[in-house]
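Right, one structure below, let's go through it.
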Ligand code: CUA
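In the working numbering, the protein residues as written are 1379 to 1728.
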């Protein structure tokens, strides 16, 4: 290989390193700006709005800081050694000093890691103890959540009504959740409020949430549970105490009866709709599908699959597979005018 070729290869290598460094820098800049922009719009666990999410984040950050400290010490020592003890001209002749064992060093790198592990272990145990309450604390709101393929049944046990997919909570009060599943394993996850907890058939898991901010927090099923796993979304509305009580009072009422939509109600009552859906005050046989007593108080249908409006309700009743392929609700094969009548009836269930 000639000298020219060698120089060429050297400069190509330098160019490649420069390009790589630029790429890494660009990725870092992109990651930092995009995470800063998204922290308010995305359901990020870095932006907690409740306990235990805030405590989990604090603990995660503590672990990261400790690991960063270890990283700096280890890499500092490594870089120092590489520079200080690098081969100098004339070193080829000499043998470096041969050191066998150092009691101080060995004690240091045994005791310090043990202390770190003990401290992290104790804090972890403490946090698990706080997280895994199996008894509801006094004054907490009891809610039973049942996972279905593919939606969430929300039973407000203290108030004796059932709703679906959109959880409403009062701010600054502990909600104690009993989680179970009708079919396969699901996982309840609203990142800004808490970590994940599985919903397992024939078993009751518990979790608690104490929201500290009002607003809407979104989440979703975090365990693959079948075709529509990705469309098993969750909305949690955190209200002031006053607004929450108003919402509860509305939910406790029986379904409205509006005379002008009687045709739609009769169609609903005379088809298989009632085998799956309850409308309190009208028909209470159905348990398989979401309770529709106050359907229009919800912002979405199909566990977040579509906005809850007349047009989407018509599309949904005509063919649930349109929004959720594989949805367990069958198309009822009603004719167009019946479908419109049923949608008009549903629109009155406020
Ligand atoms: Cu339910 Cu994934």
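Note that beta-carbon positions come from the ideal geometry of N, C-alpha and C, so glycine has one too. Everything numeric in this text was worked out from a predicted model, so none of it was measured.
The Cβ atoms of residue 1575 and residue 1594 lie no closer than 8 Å to each other. Take the alpha-carbon of residue 1568 and the one of residue 1650: they are about 34 Å apart. In the three-state reduction of the DSSP assignment, residue 1663 falls in the coil class, being assigned neither a helical nor a strand state. Residue 1565 sits close to residue 1600, with the two beta carbons spaced by under 8 Å. One alpha carbon belongs to residue 1533, the other to residue 1526, and they sit about 13 Å apart.
Here the alpha carbons of residue 1619 and residue 1590 stand approximately 12 Å from one another.
By the criterion of at least three beta-carbon pairs nearer than 8 Å, the stretch 1627-1644 is not in contact with the stretch 1503-1514.
Between the stretch 1695-1710 and the stretch 1667-1687 there are three or more inter-stretch CB-CB distances shorter than 8 Å, so the stretches are counted as touching. Annotation for residue 1682 indicates a beta carbon at 7 Å or more from all heavy atoms of the ligand CUA. When the beta-carbon positions are compared, residue 1668 and residue 1487 stay at least 8 Å from each other. The beta-bridge partner set that DSSP reports for residue 1546 consists of 1615. For the stretch 1668-1706, the full-length alpha helix (DSSP H) segments reaching 4 residues or more read 1688-1696 along the chain. Distances from the CA of residue 1725 to each of 1646, 1709, 1700, 1661 were compared; the closest alpha carbon is that of 1646. Not one heavy atom of the ligand CUA sits closer than 7 Å to the Cβ of residue 1667. Under DSSP, no beta-bridge partner is assigned to residue 1602. Summarising the contact set, residues whose Cβ lies nearer than 6 Å to any heavy atom of the ligand CUA are, in chain order, 1525, 1528, 1564, 1599, 1601, 1602, 1603, 1607, 1610. By DSSP's assignment, residue 1534 forms a beta bridge with 1521, 1539. About 6 Å separates the Cβ atoms of residue 1435 and residue 1423, confirming a contact at the 8 Å cut-off. Of the candidates 1582, 1672, 1652, 1524, the residue whose Cα lies closest to the Cα of residue 1710 is 1652. Within the same chain, and ignoring the five residues on either side of residue 1716 in sequence, the residues whose Cβ sits closer than 6 Å to its Cβ are 1645. In the DSSP assignment, residue 1587 falls within the unbroken beta strand (DSSP E) covering 1583-1589.
The criterion of a C-beta distance shorter than 8 Å is not satisfied by residue 1539 and residue 1624.
The three-state secondary structure of residue 1564, taken from DSSP, is strand. Residues of the same chain with a CB within less than 8 Å of the CB of residue 1607, apart from the 5 flanking positions on each side, are 1528, 1599, 1601 in chain order.
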